[in-house]
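Heads up, the thing below is written out as structure tokens.
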Amino acid sequence: MSLEDQLLQLCQRQLLCGRPAVLGLNGPVGAGKTTFSRRLQEICAAAGLQLAVASIDDAYLPWKERLEAMAGNPFGVTRVPPGSHDPALLNHCIEQWRSGADRLLELPRFNKSLRQGEGDRCGPWQGHADALLLEGWLVGCRPYPAAQAEAALAELSTLNDAERRWALHCNQALARYEPLWDQLDQLVQLWPLRWELPRRWRFQAEARQRRSGGGWLPAAALRGLVDASLKSLPPELYQQPVLARASWVRMLDARRRCVWEGSGAAALTRLTQAWSASSSATG
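Numbering (the working numbering), first residue to last: 1 to 283.
Here's what the structure looks like:
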């Protein structure tokens with residue numbers, strides 16, 4: 001049975017129990033979260049279920065609050081890192097939906113074209129929903145105790161001092177997301193075989209956008225957005241623990257093809273063995 005069919009069955013069971021399902025989808029920039037979400041929507045629709053999709057980025061803070069929250073970040077961005085969102089708003093929307101009998105769901109929406117490409121909130125979406133998929137690059141990421149985070153970040157040679165200080169700030173901000181993550185019934189993770197791939201995927205997507213005549217970002221701004229996701233929460237510290245909690249993991253090659261899939265525990269074992277083999281070969 002495919003992953004999509006398993007998720008459909010979960011949604012059907014939850015609906016029969018009177019508590020609509022909330023699914024989480026974690027994946028880096030460019031990994032295909034939107035494609036996966038649309039495919040699952042189609043499968044649910046064919047079975048008579050309406051699956052709503054929300055991105056964590058739909059819950060960005062209003063403009064002025066977001067500027068204050070992102071002040072001093074080393075990437076020059078006004079969105080992306082933890083602290084730029086309002087997870088409590090999304091959590092409230094989900095609680096209201098789950099407690100209502102009419103299954104009417106209201107979700108915030110964010111328009112990236114506003115404010116000369118910096119984006120801002122627009123009118124909310126409202127509609128009937130039998131299940132919800134919440135997607136985003138940091139979905140399911142949890143904070144470390146402050147001292148543990150500081151010690152772990154100090155060992156990363158990929159960060160400079162300013163980036164370490166910012167990552168500590170983001171670690172603290174993650175605490176505000178935990179009630180939202182607690183709403184998830186299952187968590188799916190899209191895992192790149194190499195963590196330099198998301199940067200390539202994002203630049204490829206931007207090149208396609210430019211060729212098609214759509215809006216596009218200058219290279220420096222694009223680098224800032226990608227760095228903000230990969231360095232605010234370094235994957236080896238914050239994405240790897242998500243594997244242990246994920247119900248299902250898909251590992252993706254450079255062309256975003258699935259080369260392996262299975263439980264989060266099996267994925268973690270597989271990766272640990274590969275890292276051990278690599279260390280032995282180079283040691």
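For each residue, glycine too, the CB sits at the ideal point set by N, CA and C. Only a predicted model underlies this, so the values are computations on that prediction, with no experimental measurement involved.
Look at A21 and D185 and say whether their C-beta atoms are less than 7 angstroms apart. Residue numbering aside, residue 21 sits at position 21 when the sequence shown is read from its first letter. Residue numbering aside, residue 185 sits at position 185 when the sequence shown is read from its first letter. In this structure, the beta-carbon distance from A21 to D185 falls below 7 angstroms.
Does the distance from the CB of G30 to the CB of R250 come in under 7 angstroms? Along the sequence shown, one-based indexing puts residue 30 at 30. Along the sequence shown, one-based indexing puts residue 250 at 250. Cβ distance not < 7 angstroms, so G30 and R250 don't count as in contact.
Closest residue to T35 among L190, V242, E261 (Cα-Cα distance): Taking the sequence shown and counting its residues from 1, one reaches residue 35 at position 35. Ranking L190, V242, E261 by Cα distance to T35 puts L190 first.
DSSP three-state assignment for T282, whether helix, strand or coil: For the purposes of this step, residue 282 is identified with residue 282 of the sequence shown, where counting begins at 1. The predicted model places T282 with a pLDDT of 49, which falls under 50 and marks its position as unreliable, so this point remains unresolved.
What residue from G117, G127, L114 has the CA that sits closest to L51's CA? Here residue 51 refers to the residue found at position 51 when the sequence shown is read from its first residue. Looking from the CA of L51, the closest CA among G117, G127, L114 belongs to G127.
Which residues mark the beginning and the end of the beta strand (DSSP E) in which R187 is found? Residue 187 sits at position 187 when you count from the first residue of the sequence shown. The residue you asked about is not Arg; residue 187 is Leu in the sequence shown. Annotation for L187: the continuous beta strand (DSSP E) segment containing it runs 186 to 192.
Closest residue to R66 among A220, A129, E150, F110 (Cα-Cα distance): Residue mapping note: residue 66 aligns to position 66 of the sequence shown, counting from 1. For the residues A220, A129, E150, F110, the minimum Cα distance to R66 belongs to F110.
K33 classed as buried or exposed, judged by whether at least 16 other C-beta atoms fall within 10 angstroms: The count along the sequence shown starts at 1 and reaches residue 33 at position 33. When all chains shown are included, K33 counts as buried.
In this structure, how does DSSP classify V242 when only helix, strand and coil are distinguished? As a position in the sequence shown, residue 242 is number 242, starting the count at 1. Looking at V242 - three-state DSSP - the assignment turns out to be helix.
Simplified DSSP assignment, three categories, for P108: Stepping through the sequence shown from its first residue, residue 108 is reached at position 108. Strand at P108.
Mapping the DSSP letters down to three states, classify P143 as helix, strand or coil. As a working mapping, residue 143 is identified with position 143 in the sequence shown. The three-state reading of DSSP puts P143 in coil, since its state is none of H, G, I, E or B.
Let's see if you can read the secondary structure: which residues bound the alpha helix (DSSP H) around L133? To locate residue 133, count along the sequence shown from 1; it is residue 133. Looking at the DSSP string, L133 is not in any alpha helix (DSSP H); the run it does join, the beta strand (DSSP E), is 131 to 136.
Here's a check: name, in chain order, each residue in its chain whose Cβ is nearer than 7 angstroms to the Cβ of L138, leaving out the five neighbours to either side. Indexing the sequence shown from 1 puts residue 138 at position 138. Within its own chain, the residues whose Cβ lies closer than 7 angstroms to the Cβ of L138, once the five positions on either side in sequence are excluded, are I56, P82, L233, listed in chain order.
What are the uninterrupted segments assigned as beta strand (DSSP E) that are 3 or more residues long and contained completely in the segment 42 to 87, given in chain order? Entirely contained in the segment 42 to 87, the beta strand (DSSP E) runs reaching 3 residues are, in chain order, 51 to 55.
Let me make sure I understand the geometry here. Which of A244, G262, A147, C122 has the alpha-carbon closest to that of Q172? On the sequence shown, residue 172 is found 172 positions in, with the first residue counted as 1. Among A244, G262, A147, C122, the Cα nearest to that of Q172 belongs to A147.
Could you tell me if S84 is buried or exposed, where buried requires 16 or more neighbouring beta carbons within 10 angstroms of its beta carbon? On the sequence shown, position 84 is the one that residue 84 refers to. Looking at its Cβ environment, which holds 16 or more other Cβ atoms inside 10 Å, S84 is buried.
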